[in-house]
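Undergrad: Protein sequences appear in the order of chains U and R. Oh and the first sequence: position 238 is 233 in the working numbering, straight run, nothing missing. Oh and the second sequence: position 172 is 305 in the working numbering, straight run, nothing missing. Got a structure here, written out as C-alpha cells. Questions coming.
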Amino acid sequence: RYKGASPRKLHGRFLHITDMHPDPYYKEGSSISRVCHRGKPKDEKDSAARFGDATAGCDSSMDLMNYTLKWIVDNLRDKIDFIVWTGDNIRHDNDRNVPRTEAQIFDVNEQVSHLFEKLFGKHDSIDPHDFDVPVVPSIGNNDVFPHNLFSLGPTLQTRELYNIWSSFIPQEQQRAFARGASFFVEVIPGKLAVLSINTLYLYKANPLVDNCNGKKQPGYQLLLWFGYILEELRSRGMKVWLSGHVPPILKNFDQSCYDKFTLWTHEYRDIIIGGLYGHMNMDHFVPVNSKKAWKSVTEQSLALA
Amino acid sequence: QADEISQSEKDSELDDENWIGDAAAASDARLMGAKPVNKENYMDAVRETYYNNIASKMNKQTSVVVEEQEDLMNVEKKVKCQGKKHKKKKGKKKKGKDEKFSSEDYCIVNIATSVIPTFNPGFRVWEYNLTGLEDMSETKIYKPWNQFFEKLEEKIEAELEDDLAPNGRLGTFPLLFSNERQKKPERNPDKSIPSKMPKDRKLGPGYEPQLFSPTRYVQYYANLEKIDKDYQKALKNHLDPDEAASQAFKYEVEYTSDSEPYPMPSLLTRDYLELARMLSEDDRIWQTFVARAFSLSGYRDE
Chain U
-4 RYKGASPRKL HGRFLHITDM HPDPYYKEGS SISRVCHRGK PKDEKDSAAR FGDATAGCDS
56 SMDLMNYTLK WIVDNLRDKI DFIVWTGDNI RHDNDRNVPR TEAQIFDVNE QVSHLFEKLF
116 GKHDSIDPHD FDVPVVPSIG NNDVFPHNLF SLGPTLQTRE LYNIWSSFIP QEQQRAFARG
176 ASFFVEVIPG KLAVLSINTL YLYKANPLVD NCNGKKQPGY QLLLWFGYIL EELRSRGMKV
236 WLSGHVPPIL KNFDQSCYDK FTLWTHEYRD IIIGGLYGHM NMDHFVPVNS KKAWKSVTEQ
296 SLALA
Chain R
134 QADEISQSEK DSELDDENWI GDAAAASDAR LMGAKPVNKE NYMDAVRETY YNNIASKMNK
194 QTSVVVEEQE DLMNVEKKVK CQGKKHKKKK GKKKKGKDEK FSSEDYCIVN IATSVIPTFN
254 PGFRVWEYNL TGLEDMSETK IYKPWNQFFE KLEEKIEAEL EDDLAPNGRL GTFPLLFSNE
314 RQKKPERNPD KSIPSKMPKD RKLGPGYEPQ LFSPTRYVQY YANLEKIDKD YQKALKNHLD
374 PDEAASQAFK YEVEYTSDSE PYPMPSLLTR DYLELARMLS EDDRIWQTFV ARAFSLSGYR
434 DE
C-alpha cells in the first residue's frame, strides 16, 4: 500500500471522532419539538439553531458536520498521524414523515466517506488508498438497514459498504471484509495497526446475534477472524489499537460475546494498546475485568458439558 | 448441578449489572432520537458497578500489603532483639478468597463524546510515545498480506466445517485407537477462546511505558450556546451568513488528561484504575468527571 511512498512525518497524535449523525432534513429555524425538520417554533427555545442545540434531541445539521470537519482540517490535519472514526454517519430514524431507507443510509454514508477522502486523502497520488492522514472507519448500528440488523456476509450490504469504504480498506482484505465487515489498517506500516471491528456481530440488539458459542453465530466467526489477525500482528511485532462503534461492555454485548472478546483483549495485552468506541455519546471509560470473564467462560463450558 | 451453579452465578452477575441495564435502558428508548434521558443515572451506575468495585479491591490490596509489611518488620525487630542471626521470614499470608489485585487483569474501554449534539459536540486527540521508533527503521520482511488472507480464509472455512467437533471435543475420539492415546486433549479446543498469553511476552504499551504508549489526550468541544450567540451577533453586524458562521464556529479545548482536578500522569491501564479509585472516593472529582462526560452541557436528569 505504501510502496514507493515517502515516509510520512509522524507527530505522535491521532484523532478519534464518532457519531456524527448528519441529517439532510435538518432545517435551521424549524421546531426542535418536530426533530428540527419542520414546523414553526413555539418560542425562541424551540427554534433549531444553525449548528444545533445541546441536549435538544435533534440530529446534527449538515453544517455542524461540515464545519466540524473544516475546523479539524484547519487546525489539526497537519498535526495528526491518523484518524479513528467509529461510525453512525446518518440521522436517527426519528421522523415518521420521512422514514429512513436503505438507499438513503448508503447515500449519506457515501457522501461522508467522500468528504473524508477529499479532506484527508493524498491529492497528488494516483493510488486512492494513499492518504496524507490514514482514516479507519467502522460501522455503526445506525449505518445498517433495518436498524441494528446486520447479517454475516457476503451480502448486498457488505458489498455496498465495501464500495463506499474501498479507499480505506486495503485491497487484500476485500474478501475478508465481504464476510465480516471488519478490517485493519497499518497506520504506521509494519509497526502500528488499527483494527476496525464490526461490533454489530457481538451486539445483543442485533436480532441475528444469539451468542458467540455456535459456529454459525456471526460473533463466533468474528472472534475467529479477530484471533488470527491478532496472532499475525503479534508475530510481526506490531502493536494495535482496537476500534469499533458499540463499546464492548456487558450492557451492549451478549454475555458469551462479551466474555470472549474480553479474553482476547486480555491475552493479547502484549500488543493491544487499548480500545476506542462510540455509540453512547458520553465521554467516559469502563475497566473490564478479564478474571471475571475467564470464570464466566469456564462456567459456561461446564454448563454446556 | 453445574446448571444450578451456573444459573446462580449468572443471577448474581445479572443483579450487579441490572442497575446499569435499567439506567441504560434510556439509551434504547432514545434510539429513535438523540435526546438524552437518565444519563446521570447511567453514570452513577458506572461509578457503582465499576469504579467502586475497583476502589474496594485496590484498598483491600493496599491494606494486605501494609499488614504484610508490618508483620515483616515485627519479625525483624524480634530477631534483632533476640540477637540471633537474621533470618528471612515471609510475612503472614492472608487467608480468604481475596485474589491479588493486578492492573494487568483489566482492559480499558474508552467511550467517546459524539459530534451529534446529544450534549455539546466533541472529539479527542490522543498523544502517544514515539520514542524508539527511529531505532526500528529496519523492518523485517514478512510474507505479503494477500498470502496471509488467502490462508486465513482456508483456516476459517476449515474451522467452520468441522461440525463433528462442535467444541473440538469429539475431534479427540480417534486418539483412542492410535499410539497417541496418552496425549492430553487440547486445552483450548474452542477457537473463539484465546490461549493464554505466552509467559515470555512482555506487557504492551497499554500497561508499561514504551513506544506507542498513550501519554496524554486533549478533549475538544463546541460550546453550541456560545457559538449561536456569536453567530447571531455576527449576523446583526451585517455579516453574510457563511462569513458569520466561519467567524462564530470553533472548537475549544474542554480539558486535557493532565488537567486538574484529576491530572493523569500517563494513560496506562494503572492510571485509569487509579482514576477509578479517585472517582469512587472523591465526590468533588466525580462531579467534574460527570460534567465532562456531558461535554459541559450542564445536562441533568429530569
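Every residue, glycine too, gets a C-beta built ideally from N, C-alpha and C. Given the structure is predicted, the values throughout are model-derived calculations rather than measurements.
#1: Do you know how far the Cα of P141/U is from the Cα of P17/U?
#2: Under three-state DSSP, which class holds Y239/R?
#3: May I have the straight-line CA-CA distance separating D161/R from N137/U, to the nearest angstrom?
#4: Please list the partners that T421/R has in chain U, where partner means a Cβ-to-Cβ separation under 9 Å.
#5: Find out if the Cβ-Cβ distance for the pair D249/U, G214/U is shorter than 9 Å.
#6: Relative to the C-alpha of V241/U, which candidate in N104/U, N92/U, C31/U and L271/U has its C-alpha closest?
#7: So what's L368/R in DSSP terms, helix, strand or just coil?
#8: Closest Cβ-Cβ distance between L400/R and chain U: below 9 Å?
#9: To the nearest whole angstrom, what separates the beta carbons of A367/R and Q352/R, a pair I think is in contact under 8 Å?
#10: Using 10 angstroms around the beta-carbon of V281/U, count the other beta-carbons present and answer buried if the total reaches 16, otherwise exposed.
#11: On the criterion of 16 or more Cβ atoms from any shown chain inside 10 Å, does S120/U qualify as buried, or is it exposed?
#12: Only counting the same chain, and skipping five residues up and downstream in sequence, which positions put a Cβ closer than 6 Å to that of P299/R?
#13: If we count the other Cβ atoms within 10 Å of its Cβ and call it buried at 16 or more, is S311/R buried or exposed?
#14: Among L114/U, W80/U and R45/U, which one has its Cα closest to the Cα of R72/U?
#15: When the Cα atoms are used, what is the spatial distance from D278/R to I183/U?
#16: Below 9 Å between beta carbons: does that hold for V235/U and V189/U?
#17: Would you mind telling me which residues of chain U sit closer than 8 Å to D361/R, beta carbon to beta carbon, in chain order?
#18: For V436/R, is the classification buried or exposed, using 16 other Cβ atoms within 10 angstroms of its Cβ as the cut-off for buried?
#19: Using alpha carbons as the reference points, say which of Q216/U, V68/U and K287/U lies closest to A291/R.
#20: Return helix, strand or coil for V139/U, following the three-state DSSP convention.
#21: With 8 Å as the limit, tell me which residues of the stretch 265 to 294 of chain R have their beta carbon closer than that to any beta carbon of chain U; keep them in chain order.
#22: Going by Cα to Cα distance, which pick from A426/R, Y354/R and R417/R is closest to T63/U?
#23: When we look at the beta-carbon of F256/R and count the other beta-carbons within 10 Å, is it buried (16 or more) or exposed?
#24: Does DSSP put K359/R in a helix, in a strand, or in coil?
#25: Cβ closer than 8 Å: which chain U residues qualify as neighbours of S428/R?
#26: My parser needs the alpha helix (DSSP H) runs of 4 or more residues fully inside the stretch 77 to 121 of chain U; what are they?
#27: Could you name the residues of the same chain whose beta carbon sits closer than 8 Å to that of K210/U, not counting the 5 residues immediately before and after it, in chain order?
#28: Who are the near neighbours of Y384/R in its chain, counting only those whose CB is closer than 6 Å to its CB and skipping five residues on each side?
#29: What residues of chain U sit near V179/R, judged by a beta carbon separation below 8 Å?
#30: Suppose you measure from the CA of I78/U to the CA of L400/R; what does that come to, to the nearest Å?
#31: Could you run through the stretch 228 to 259 of chain R and flag, in chain order, every residue whose CB is less than 8 Å away from some CB of chain U?
#32: Which word fits M206/R, buried or exposed, when buried means at least 16 other C-beta atoms lie within 10 angstroms of its C-beta?
#33: So, using beta-carbon positions, are H6/U and K74/U closer together than 9 Å?
#34: Name the DSSP beta bridge partners of S55/U, please?
#35: Is the Cβ of L406/R closer than 9 Å to any Cβ of chain U?
#36: Which of the three DSSP states is assigned to V281/U in this structure?
TA: On the basis of the supplied data:
#1: 18 Å
#2: The answer is strand: DSSP assigns Y239/R an E or B state.
#3: With a pLDDT of 47 at D161/R, under the threshold of 50, the predicted position of this residue should be treated as unreliable, and no value is reported.
#4: Here the premise fails: no neighbours, minimum Cβ distance about 12 Å.
#5: yes
#6: Residue L271/U is the option with its Cα nearest to V241/U.
#7: helix
#8: yes
#9: That pair is no contact at about 26 Å.
#10: buried
#11: Counting the other Cβ atoms within 10 Å of the Cβ of S120/U gives fewer than 16, which makes it exposed.
#12: With a pLDDT of 48 at P299/R, under the threshold of 50, the modelled position of that residue is not reliable, and the figure given next carries that caveat. Cβ neighbours of P299/R beyond the five flanking positions: none.
#13: Because the pLDDT of S311/R is 47, which lies under 50, any placement of that residue in the model is unreliable, and the question is left without a value.
#14: L114/U
#15: In the sequence as displayed, the identity of residue 278/R is Trp instead of Asp. Answer to the nearest angstrom: the Cα atoms are 15 Å apart.
#16: yes
#17: Neighbours of D361/R on chain U, chain order: A44, R45, F46 and D48.
#18: It is not possible to answer for residue 436/R, since the shown part of chain R is limited to 134 through 435.
#19: Q216/U
#20: coil
#21: L266, M269, T272, K273, Y275, P277, W278, N279, F281, F282, L285, E286, K288, I289, E292 and L293
#22: Looking at the Cα atoms, Y354/R is the closest of the given residues.
#23: buried
#24: In the structure shown, K359/R falls within a helical segment according to DSSP collapsed to helix, strand and coil.
#25: Simply A49 and D278.
#26: 97 to 115
#27: Q216
#28: Y353 and A355
#29: H279 and V281
#30: Going by the C-alpha atoms only, they are around 19 Å apart.
#31: E232, E237, D238, Y239, C240, I241, V242, N243, I244, A245, T246, S247, V248, I249, P250, T251, F252, N253, P254, G255, F256, R257, V258 and W259
#32: exposed
#33: yes
#34: S55/U is bridged to P17/U.
#35: yes
#36: strand
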